[in-house]
Amino acid sequence: MVLTRGEDDYNYDYDYGNEDDYTYIGETLEEVIITPESNNNETSGGNDEWEIIAPPDSGTIDPEPTEPESTSTEDDTVTENNNGDQNSDEKSIPLSTAEKKAVNSLLIQLEKLKNIDRTKYTIEKQNYCRSTARTSKDGVLQLCQLFFSSDNLTEIDRIATIWHEMYHIDHKHYGKLEMTILEKTIVLNPPPYIEKILNERLDIMYGKYIMTPETREADFKQELIIDRYGTIEYYKNELETHKAERENFPEVSHYYENERTWLEWTYEQLLIIATEQPSNK
1 MVLTRGEDDY NYDYDYGNED DYTYIGETLE EVIITPESNN NETSGGNDEW
51 EIIAPPDSGT IDPEPTEPES TSTEDDTVTE NNNGDQNSDE KSIPLSTAEK
101 KAVNSLLIQL EKLKNIDRTK YTIEKQNYCR STARTSKDGV LQLCQLFFSS
151 DNLTEIDRIA TIWHEMYHID HKHYGKLEMT ILEKTIVLNP PPYIEKILNE
201 RLDIMYGKYI MTPETREADF KQELIIDRYG TIEYYKNELE THKAERENFP
251 EVSHYYENER TWLEWTYEQL LIIATEQPSN K
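Those letters in the sequence shown? Residues 1 to 281, by the UniProt record's numbering.
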């Protein structure tokens, strides 16, 4: 099934027609406000500093130890809000010292590049999502485990990812995402350039594992199955944000370029599907 950025993670309102309605509400995690320290490092395309943060199989990060008093002349306080969602069984994951330092560095570089006000945004870490980052229904920027652990993301990719979510927040592209189940599933028909990207994505997913041709073909087809759709507004917002991101960050890694091209294409297809539904005509 097609997984789009943040769409399959949380805040679903499913419409099952005549069946009972079910809602899966994403948790409200403890909020961590990141206020970066002063840093004069320039933007780099490297990935070395991220290798020490959270390797792919590192699991849950332990709560950070007490940090020594900062010598920075700027306010580097990290404030946590302990009023989490009492209905959620999932626990928030605090940013480790290394993660805070890395995110602060990205925010400072983003401020220099795009003149953003980093103090406007609340940033959380979230382990229970399939994307690299997302915006919560309350307008909180959530960095997922993949944001920290992926060996494929470069520094500029991560900066572009944060900027993407900030754009959503600035334009109030958040709230509860209503999803409607299709009466009959749809299989997308990708053009050659999307087929190439999808095969490259599968190569990364498989890693060193050897899959039979039958399994690979089945997985390829599974990636193109649509069994639900969101609102027209949601897909228009995503396409608007991706367009703005491309204009502001045209030079990214090959991996990240593939990911956003794939997402843009799937959002275009989902927008067509949503628009063609009788309820939207």
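Positions of the beta carbon are idealized from the N, C-alpha and C atoms, including for glycine.
The structure displayed is predicted, hence computed values, not measured ones.
Backbone secondary structure at residue i - three-state DSSP
i: Met-211; result: coil
i: Asp-151; result: coil
i: Leu-143; result: strand
i: Asp-170; result: helix
i: Tyr-128; result: coil
i: Thr-261; result: helix
i: Ile-159; result: helix
i: Ile-225; result: strand
i: Val-32; result: Because Val-32 carries a pLDDT of 42, less than 50, the predicted location of this residue cannot be relied on, and no value is offered for it.
i: Ile-273; result: helix
i: Thr-97; result: helix
i: Ile-123; result: strand
i: Pro-63; result: Residue confidence is low: Pro-63 scores 37 on pLDDT, short of 50, so the model does not pin down where it sits. Its coordinate-derived value is still stated next. Correct three-state label for Pro-63: coil.
i: Thr-231; result: coil
Distance between beta carbons of residue j and residue i, contact taken as under 8 Å
i: Thr-132; j: Leu-153; result: 7 Å
i: Arg-216; j: Met-179; result: At roughly 28 Å, the Cβ-Cβ gap does not stay under 8 Å, so Arg-216 and Met-179 are not in contact.
i: Ile-197; j: Thr-261; result: 6 Å
i: Val-140; j: Thr-122; result: 5 Å
i: Gln-269; j: Leu-188; result: 5 Å
i: Leu-95; j: Lys-125; result: 5 Å
i: Tyr-174; j: Ser-136; result: 7 Å
i: Leu-271; j: Lys-236; result: 7 Å
i: Glu-165; j: Arg-134; result: 7 Å
i: Tyr-167; j: Thr-97; result: Actually they are not in contact, since the Cβ atoms of Tyr-167 and Thr-97 sit about 29 Å apart, beyond 8 Å.
Spatial distance of residue i from residue j (CA atoms)
i: Trp-163; j: Glu-245; result: 7 Å
i: Tyr-128; j: Cys-144; result: 7 Å
i: Glu-276; j: Glu-264; result: 19 Å
i: Met-211; j: Leu-113; result: 43 Å
i: Glu-257; j: Asn-280; result: 32 Å
i: Asp-181; j: Gly-230; result: Just to set this straight, residue 181 is Ile in the shown sequence, not Asp. Approximately 9 Å between the Cα atoms of the pair.
i: Val-252; j: Phe-148; result: 17 Å
i: Ala-274; j: Ile-226; result: 11 Å
i: Asn-115; j: Ser-105; result: 14 Å
i: Gln-142; j: Asp-117; result: 17 Å
i: Ile-232; j: Ile-169; result: 18 Å
i: His-171; j: Glu-195; result: 32 Å
i: Ile-186; j: Lys-100; result: 42 Å
i: Tyr-209; j: Pro-250; result: 33 Å
Contact check, residue i vs residue j, beta carbons under 9 Å
i: Asp-157; j: Tyr-255; result: yes
i: Tyr-267; j: Leu-239; result: yes
i: Tyr-234; j: Leu-146; result: no
i: Glu-155; j: Gln-109; result: yes
i: Asn-199; j: Phe-220; result: yes
Check your understanding: In the stretch 173-201, which residue ranges form an unbroken beta strand (DSSP E) of at least 3 residues, counting only runs that do not cross its ends?
Key -> If only complete runs of 3 or more residues are kept, the stretch 173-201 shows the beta strand (DSSP E) at 177-187, in order along the chain.
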